[in-house]
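Student: Next up is a structure, given as structure tokens.
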Amino acid sequence: MEQLTGELQRILFQQEAYTVAVFKVDSQRITAVGPLLSAEMGLAYALEGEWTEHPRFGRQFRFSCCRMLPPSTPKAMEKFLSSGLIKGIGRKTAKKLVRSFGADVLTVLREEPQRLLELEGLSSTKATTILESYQEFAFGENLMVSLNSYGIDGDQVYRIFRRYGRESLEVIEANPYRLALDLRVSFDQCDRIAHRLGFQGDEPMRLQAALVYCLYLARDEGHVYLPAPELLTQTNAILAQSALYPEAPEEKSLQVQVSEAAEAQVIRLFGDGCYLPDLYRAERFVAQALRRLSQDGETWPVDVESVIATMEEDFGIRYAEEQKAAFFGVAQYGLTVITGGPGTGKTTIVRGLIALVNRAQPNGEIVLCAPTGRAAKRLAETTGQPAFTIHKALGLRGGEAEPFWDVEPLEGDVVIIDEVSMVDISLMASLLHALKKGARLVLVGDRDQLPSVGPGQVLRDIIEHEVGAIHCLNHIFRQAETSAIVTESHRIKSGILPDLSGRKDFLFLRRGSGADMLDALLQTVSRAIERAGYGLEDVQVLSPMRYTEVGVWNLNKQLQERLNPFNVGKREVKAGGHVFRTGDKVMQLKNNYEKDVFNGDLGFIEDILLSGEEEADEDTIVVRFDEGRVSYGRSEWEQLMLAYATTVHKAQGSEYPVVVMPMTLQHRRMLRRNLLYTAVTRARDKAILIGVPDALAFAVTNQQDAHRYSGLSRYWDEEASTEFTEPEAEEASEQ
1 MEQLTGELQR ILFQQEAYTV AVFKVDSQRI TAVGPLLSAE MGLAYALEGE
51 WTEHPRFGRQ FRFSCCRMLP PSTPKAMEKF LSSGLIKGIG RKTAKKLVRS
101 FGADVLTVLR EEPQRLLELE GLSSTKATTI LESYQEFAFG ENLMVSLNSY
151 GIDGDQVYRI FRRYGRESLE VIEANPYRLA LDLRVSFDQC DRIAHRLGFQ
201 GDEPMRLQAA LVYCLYLARD EGHVYLPAPE LLTQTNAILA QSALYPEAPE
251 EKSLQVQVSE AAEAQVIRLF GDGCYLPDLY RAERFVAQAL RRLSQDGETW
301 PVDVESVIAT MEEDFGIRYA EEQKAAFFGV AQYGLTVITG GPGTGKTTIV
351 RGLIALVNRA QPNGEIVLCA PTGRAAKRLA ETTGQPAFTI HKALGLRGGE
401 AEPFWDVEPL EGDVVIIDEV SMVDISLMAS LLHALKKGAR LVLVGDRDQL
451 PSVGPGQVLR DIIEHEVGAI HCLNHIFRQA ETSAIVTESH RIKSGILPDL
501 SGRKDFLFLR RGSGADMLDA LLQTVSRAIE RAGYGLEDVQ VLSPMRYTEV
551 GVWNLNKQLQ ERLNPFNVGK REVKAGGHVF RTGDKVMQLK NNYEKDVFNG
601 DLGFIEDILL SGEEEADEDT IVVRFDEGRV SYGRSEWEQL MLAYATTVHK
651 AQGSEYPVVV MPMTLQHRRM LRRNLLYTAV TRARDKAILI GVPDALAFAV
701 TNQQDAHRYS GLSRYWDEEA STEFTEPEAE EASEQ
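Okay, so the sequence shown: first residue is 1 according to UniProt numbering, each after it adds one.
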């Protein structure tokens, strides 16, 4: 290994800790590639690695270990402290620290931290923030060196430190397979660490971790469980990938580990199904709670026909017979499901249900919910009633470890959930657990849309097994018949190729190559904004995949340069492989209840505050959402992504005036009827598809949806007689 010392001058690329940068070593500039946790221009670093020859970029120094060298002069120390690497220190505070301690500020923080508390004008709260941030910074630098020796690269060190903190080394050395289960580090990588630590290939720890790891992978693909034979097959395949442990375990050894894992309740069994414990409990509870709801409910003492007649007169409409049937269903049953495509009147029914409940239960409380913030906002706008995300209504914080029964009770006498196709098995369990005794549940959604991102296919299972009163809306109303978006989406749903003759609100632009598609897409979006009067918030590009020339990543980069190019006076910051710039369209990636923003919310970067200018303690992105301004410190930037383009899955529950979508056979793996249908039905005014007709035809005819193992039907078909134990009691019995 060769060692170099140089000054960091430019970052060429960075994703988490993986960095490509230019260093000045002596009088020469070199390109270096490797893990860099704290990258700050103008600071000196010691690199350990070797020279390599890249076929495209030429000579590079590929380093495996890097540590920052303490600044040696007061001026360099002030620059470092103003960089934002240590929270609580801005430009003014940096000057104060250097005036007091000179170039020895870091030595003081490390060896004499009490001296910081003696500084005049520095509050004890701010001093504590600075010291804690420095300790984390210093520990992270040392952890990088230690974990590099196990072959763990920089971006993984970053994630490990965020998960385990100061126990990182202890956790890994005790059980390296925790990394696979907690952080989804590849099982092969865990094997390499385990081998270096001296673990054997037939360790029960390794075999049991592989079983659980397979169940995690299955959950990520939408499965609630895996049949035991399939779990054993997939586990064997993962274990066989290791060159360090080439001897495959006997199937009997794995079966023993399944039994031991089940005894320890690390894996739960039902029939031949193997479950993660949280999904096992959630599915059992959902199956029995839905069955109970479907059998409950006393008919309301109200003349439904009279209420319908009054609503028709008040609203100036005429309900179809299938819509009227839905009103009778809600008046009679504890569980009602209303499903239908665009233009079939689902929203009209929900508005009518509110009037029906107010007539039948004058003092009854109605709760309206949807899975995402945008869907809840749309529900509120169309009904004129308050609506909430399901998570917010239940007091869920969005953490993976939240048990489904740890929710705030819903006080609603009637709870109406819109866009329920997006609700997975765990969220449905939370919702059902929160319902008060005697409450009625109304589920509204489109069974033909994509299933939930999370595990299960709850809406589909309920409809297929006719649990509760099921009302399928098929009639397209007159006001919707003039919309090509509505008519063509129903053709797609039926497996019929849409009409490509060029109706103004449903267009197909034929382009052959990826470059031509990209060019046409950029022009289409630009014209919609510059000539057709739409705002940037009105036009949404959807793509089935993240990668490829017309995938989400490249589309965001190209659209950003086209619609929001850099110019003098416009600030930008780098985050991983992305650039965030004032004026950029961005999306929130997960629910954040402290900031009151939710997964799928769209906003615009209004300002970027740089810590070195004393505008903030750390670099901060300020985003304006519909509800107001939200600030994100550097550690929170991973919650944001550029949103000029997004995946179809991320667009579920949302509606946009204009949707533009590339159609290429490069996306064949994702092109399915329900994905295309979901994308088209996100558009309100215009749906514009760009690409090759063969890709469109493939998507329309490909009805095969990825199979999901869901056990709800097994409970219902077998009429399971055992009642589900209340989760709290079951938890106590397992301790």
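Glycine residues also receive a C-beta, built at the ideal position from the N, C-alpha and C atoms.
All of these numbers come straight from a predicted model, not from anything done at the bench.
As an exercise, report each continuous beta strand (DSSP E) stretch of at least 3 residues that is fully enclosed by the region 590-660, in chain order.
Tutor: Correct list: 602-609, 620-625, 628-633, 640-642, 645-647.
Student: Excluding the 5 residues preceding and the 5 following Phe187 in the sequence, name in chain order all residues of the same chain whose CB lies nearer than 6 Å to its CB.
Tutor: These residues qualify, in order along the chain: Ala180, Tyr213, Ile238.
Student: Would you kindly work out how many angstroms separate the C-alpha atoms of Arg178 and Gln265, rounded to a whole number?
Tutor: Those two C-alpha atoms are separated by around 17 Å.
Student: In terms of residues, what are the limits of the alpha helix (DSSP H) holding Ala429?
Tutor: Unbroken alpha helix (DSSP H) run through Ala429: 425-434.
Student: Jot down the residue ranges of each uninterrupted beta strand (DSSP E) in the region 491-526, minimum 3 residues, whole runs only, in chain order.
Tutor: Correct list: 506-510.
Student: Going by alpha carbons, who is nearest to Val444 out of Pro451, Ile417, Ala429?
Tutor: Comparing Cα-Cα distances from Val444 to each of Pro451, Ile417, Ala429, the minimum goes to Ile417.
Student: Which two residues bound the contiguous alpha helix (DSSP H) that contains Arg206?
Tutor: That run of the alpha helix (DSSP H) goes 204-220.
Student: What's the gap between the Cα of Glu132 and the Cα of Ser123?
Tutor: Each residue's alpha carbon lies about 14 Å from the other.
Student: What first and last residue would you give for the alpha helix (DSSP H) that runs through His578?
Tutor: Not the alpha helix (DSSP H): His578 falls in the beta strand (DSSP E), residues 578-581.
Student: Going by the CB atoms, is the gap between Ser294 and Val579 shorter than 8 Å?
Tutor: Against a cut-off of 8 Å, the Cβ pair of Ser294 and Val579 comes out as no contact.
Student: Out of Leu215, Phe101, His433, Ala326, point me to the one whose CA is closest to Ile267's CA.
Tutor: The option with the nearest alpha carbon to Ile267 is Leu215.
Student: For Glu112 and Lys96, I'd like the C-alpha separation in whole angstroms.
Tutor: Roughly 17 Å between the two C-alpha positions.
Student: Go through its chain and collect everything with a Cβ distance to Pro386's Cβ below 8 Å, but skip five positions before and after it.
Tutor: The answer, listed in chain order, is Leu368, Ala380.
Student: Buried or exposed, going by whether 16 or more other CB atoms sit within 10 Å of the CB of Trp716?
Tutor: So Trp716 ends up on the buried side.
Student: Does the distance from the CB of Leu8 to the CB of Leu43 come in under 8 Å?
Tutor: The answer is yes: Cβ separation under 8 Å.
Student: Could you tell me the alpha carbon to alpha carbon distance between Ala309 and Ile317, rounded to whole angstroms?
Tutor: The straight-line gap from Cα to Cα measures roughly 10 Å.
Student: Determine the closest residue to Arg159 out of Phe137, Asp303, Val185, with distance taken between C-alpha atoms.
Tutor: Cα-wise, what sits closest to Arg159 is Val185.
Student: Out of Glu230, Arg62, Phe199, Pro35, which one is the CA nearest neighbour of Val157?
Tutor: Measuring from the Cα of Val157, the nearest candidate turns out to be Pro35.
Student: State the DSSP-derived secondary structure class of Gln449, mapped to helix, strand or coil.
Tutor: Coil, per DSSP.
Student: Less than 8 Å between the beta carbons of Leu459 and Arg447, yes or no?
Tutor: Yes, these two residues count as a Cβ contact at 8 Å.
Student: Starting from the C-beta of Val105, find all residues in its chain whose C-beta is less than 8 Å away, skip the five residues before and the five after it, and write them out in chain order.
Tutor: Answer for Val105: Met77, Leu81, Leu97, Val98, listed in chain order.
Student: Could you check the C-alpha separation between Thr664 and Ala515 for me, to the nearest Å?
Tutor: Each residue's Cα considered, the two are about 11 Å apart.
Student: Report yes if the C-beta distance between Thr235 and Ala210 is below 8 Å; otherwise report no.
Tutor: Result yes, Cβ atoms of Thr235 and Ala210 sit closer than 8 Å.
Student: For the region 344-359 and the region 295-309, state whether three or more C-beta atom pairs, one from each stretch, are separated by less than 8 Å.
Tutor: With the cut-off at 8 Å, the region 344-359 and the region 295-309 touch.
Student: So, does the CB of Asp303 fall closer than 8 Å to a CB anywhere in chain B?
Tutor: Of the protein chains in the structure, only one exists, and it is not chain B.
Student: Cα separation between Arg120 and Ala575?
Tutor: The sequence shown places Glu at residue 120, rather than the Arg named in the question. Whole-angstrom Cα-Cα distance: 36 Å.
Student: Three Cβ pairs or more, each shorter than 8 Å: is that satisfied between the region 657-671 and the region 686-703?
Tutor: Counting Cβ pairs under 8 Å, three or more are found: they touch.
Student: Which value, in whole angstroms, describes the spacing of the CA atoms of Tyr134 and Arg634?
Tutor: Going from the Cα of Tyr134 to the Cα of Arg634 covers about 16 Å.
Student: Closest to Ala138 by C-alpha separation, out of Gly165, Arg503, Ala127, would be which residue?
Tutor: Measuring from the Cα of Ala138, the nearest candidate turns out to be Gly165.
Student: Give me the Cα-Cα distance between Thr681 and Asn599, rounded to the nearest whole angstrom.
Tutor: So the two alpha carbons sit approximately 20 Å from each other.
Student: Could you tell me the distance, in whole angstroms, from the CA atom of residue 804 to the CA atom of Ser483?
Tutor: This structure cannot settle anything about residue 804, because the visible part of the chain is limited to 1 through 735.
Student: What does DSSP give as the partner residues of Tyr275 in its beta bridges?
Tutor: Tyr225, Arg268, per the DSSP bridge assignment.
Student: List the residues that DSSP assigns as beta-bridge partners of Gln28.
Tutor: According to DSSP, which records beta bridges pairwise, Gln28 is partnered with Val25.
Student: Rounded to whole angstroms, what is the Cα-Cα separation between Pro451 and Asn674?
Tutor: Roughly 9 Å separates the two Cα atoms.
Student: Keeping to the same chain, check which residues put their C-beta closer than 6 Å to that of Leu696; ignore five residues upstream and five downstream.
Tutor: Around Leu696: Met663.
Student: Would the region 245-264 count as touching the region 485-504 if we require 3 or more Cβ pairs under 8 Å?
Tutor: No, they do not touch.
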